[in-house]
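Asker: Using numbering that gives the first Met the number 0, read the sequence shown as starting at 0 and increasing by one per residue. Have a look at this one before I ask anything.
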Amino acid sequence: MRKFLMVTTVIVVLSIVGYFTFLYNATYSEGVRSGELIKVSNKGVAFKTWEGEISQGISGAQIFSFSVLDSEEKVIADLQEFEGQYVQVNYVERYRTFPWWGDTRYFITDVKKVNSPFKIK
């Protein structure tokens with residue numbers, strides 16, 4: 000009986016470690032989105048995370064919410080600089096997130112300012 004409990008415990012622990020390793024390293028998708036950057040904030044009580052929103056439609060009908068990892072210092076600085084302007088962001092979507100990573104499953108990896116297609120030239 001003792002051997003059975005030991006084997007079961009090892010299997011459970013390895014399964015949990017494998018699951019969290021998968022969540023930490025695997026990405027579900029990668030992509031690009033563009034729109035007006037309407038919000039960038041550092042929020043949270045126990046874990047401070049960088050969160051933001053992009054308006055992808057007229058009058059904010061379609062909002063893309065995203066997170067930025069603390070290690071992406073250049074992206075955070077660029078987002079703060081480009082707030083209120085039209086931007087294009089590259090992101091990775093993860094299967095799940097951890098509380099210390101952010102609120103969403105979308106994590107911005109790059110941002111650049113682009114011309115808005117809605118402005119008259």
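Positions of the beta carbon are idealized from the N, C-alpha and C atoms, including for glycine. Computed from a predicted model, the values in this text were never measured in an experiment.
Who does G30 pair with in a DSSP beta bridge?
Answerer: Along the sequence shown, read from residue 1 onward, the residue named residue 30 stands at position 31. DSSP output for G30 lists Y90 as bridge partner(s).
Asker: Which value, in whole angstroms, describes the spacing of the CA atoms of Y94 and V67?
Answerer: Position 95 of the sequence shown holds residue 94. Position 68 of the sequence shown holds residue 67. Spanning the two alpha carbons is a distance of roughly 16 Å.
Asker: Let me know if D109 comes out buried or exposed under the rule of 16 or more other beta-carbons within 10 Å of its beta-carbon.
Answerer: Here residue 109 is taken as the residue at index 110 of the sequence shown, counted from 1. Exposed is the call here.
Asker: Closest by CA to F46, which one among A76, K111, D102?
Answerer: Translated into the one-based positions of the sequence shown, residue 46 becomes position 47. If we check each option's Cα against that of F46, D102 comes out closest.
Asker: When the distance is taken between beta carbons, is F65 closer than 8 Å to K112?
Answerer: For the purposes of this step, residue 112 is identified with residue 113 of the sequence shown, where counting begins at 1. For the purposes of this step, residue 65 is identified with residue 66 of the sequence shown, where counting begins at 1. Cβ distance not < 8 Å, so K112 and F65 don't count as in contact.
Asker: Assign T20 to one of three DSSP states: helix, strand, or coil.
Answerer: The sequence position of residue 20 within the sequence shown is 21, counting from 1. If DSSP states are grouped into helix, strand and coil, T20 belongs with the helices.
Asker: Rounded to whole angstroms, what's the CA-CA distance from Y90 to M0? Just pull it up for me.
Answerer: If you number the sequence shown from 1, residue 90 lands on position 91. If you number the sequence shown from 1, residue 0 lands on position 1. Cα-Cα distance, rounded: 50 Å.
Asker: So, is G17 buried or exposed, given that buried needs 16 or more other C-beta atoms within 10 angstroms?
Answerer: On the sequence shown, residue 17 is found 18 positions in, with the first residue counted as 1. By the neighbour-count rule (16 or more Cβ atoms within 10 Å), G17 is not buried but exposed.
Asker: In or out: G30 buried (at least 16 other Cβ within 10 Å) or exposed?
Answerer: Stepping through the sequence shown from its first residue, residue 30 is reached at position 31. With fewer than 16 other Cβ atoms within 10 Å, it is exposed.
Asker: Check this for me: beta carbons of I53 and G83, under 8 Å apart or not?
Answerer: Looking up residue 53 in the sequence shown gives position 54. Looking up residue 83 in the sequence shown gives position 84. It is not a contact, given that the beta carbons lie outside the stated cut-off.
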